Amino acid sequence: MIEPASDTAIPALMQGLINIDDPQALVNAHAAAVAAGQGPLAEQVARFAAHLGQELRATTARVDHDVRHTHESSHEELWAESDAAVDKLRILEGVPALKAAIDMLPEDDVAEIWGMYGPYDDGEDE
């Protein structure tokens with residue numbers, strides 16, 4: 005017998021079967037946790053989504069920075085990377101609870117994520 009999605013989301017997340025780098029998987033896991041009345045699990049999924057959302061925001065900022073500082077020959081590849089990040093971010097931000105989690109991630113976490121994925125601070129934009 006196949007279990008309903010809401011029953012399988014909890015063990016799947018706990019066992020690492022859900023790809024936390026996949027926005028649609030996070031949206032599905034969050035919806036399943038909410039539907040199953042698993043508030044703590046929904047909050048955990050929202051935290052994963054918040055981190056991924058900030059990574060995606062930082063990536064788009066880095067790409068915008070790189071486009072301004074690179075030769076036109078690499079722009080198409082950069083725009084493709086930005087488009088992919090924007091598409092993934094839209095999936096996450098389409099769920100109000102996940103968008104709120106992204107927006108409310110603690111500043112220390114955001115700074116760390118942006119330090120890893122965001123634009124290199126070369127001092128030229130000041």
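Every position in the sequence shown, counted from 1, becomes a number in the working numbering once 4 is added.
Built from N, CA and C at the ideal position, the CB exists for glycine as well.
If you're wondering where the values come from, they're calculated on a predicted model, not measured in any experiment.
How is the alpha helix (DSSP H) around Ile95 delimited, first residue to last? As a first step, residue 95 is located in the sequence shown; it is residue number 91 there, counting from the start. Residues His79 to Glu97.
Taking the alpha carbon of Val99 as the reference point, which residue from Ala29, Asn23, Ile22 and Leu21 has its own alpha carbon closest? By 1-based counting over the sequence shown, the position of residue 99 is 95. Ranked by how close their Cα comes to the Cα of Val99, the residues Ala29, Asn23, Ile22 and Leu21 have Ala29 in first place.
Using a Cβ distance threshold of 8 Å, determine whether the stretch 58-67 contacts the stretch 91-111, with at least three qualifying pairs required. Verdict: yes, contact present.
Grouping DSSP H, G and I as helix and E and B as strand, with all else coil, what is Leu21? As a position in the sequence shown, residue 21 is number 17, starting the count at 1. Correct three-state label for Leu21: coil.
Can you tell me the Cα-Cα spacing of His55 and Asn23, whole angstroms? Along the sequence shown, read from residue 1 onward, the residue named residue 55 stands at position 51. Along the sequence shown, read from residue 1 onward, the residue named residue 23 stands at position 19. Each residue's alpha carbon lies about 13 Å from the other.
What ranges does the alpha helix (DSSP H) occupy inside the stretch 26-77, keeping only unbroken runs of at least 4 residues that lie completely in it? Listed in chain order, the complete alpha helix (DSSP H) runs (minimum 4 residues) inside the stretch 26-77 are 27-39 and 43-73.
Pro44 classed as buried or exposed, judged by whether at least 16 other C-beta atoms fall within 10 angstroms: The residue you call residue 44 lines up with position 40 of the sequence shown. Flag for Pro44 reads exposed.
Beta-carbon within less than 7 Å of Ala46's beta-carbon, same chain only, minus the 5 sequence neighbours each way: which residues are those? Stepping through the sequence shown from its first residue, residue 46 is reached at position 42. The residues are His34, Ala37 and Val38.
Is the beta carbon of Ala84 closer than 9 Å to that of Thr64? As a working note, residue 64 is residue 60 in the sequence shown. As a working note, residue 84 is residue 80 in the sequence shown. Cβ atoms of Thr64 and Ala84: not closer than 9 Å.
Can you tell me where the alpha helix (DSSP H) with Tyr121 in it begins and where it stops? Position 117 of the sequence shown, counting from 1, holds the residue named residue 121. The continuous alpha helix (DSSP H) containing Tyr121 extends over residues Glu111 to Tyr121.
Distance check for Gly122 and Val49, CA to CA, integer angstroms please. In the sequence shown, residue 49 corresponds to position 45, counting from 1. In the sequence shown, residue 122 corresponds to position 118, counting from 1. Taken atom to atom, the span from the alpha-carbon of Val49 to that of Gly122 is near 23 Å.
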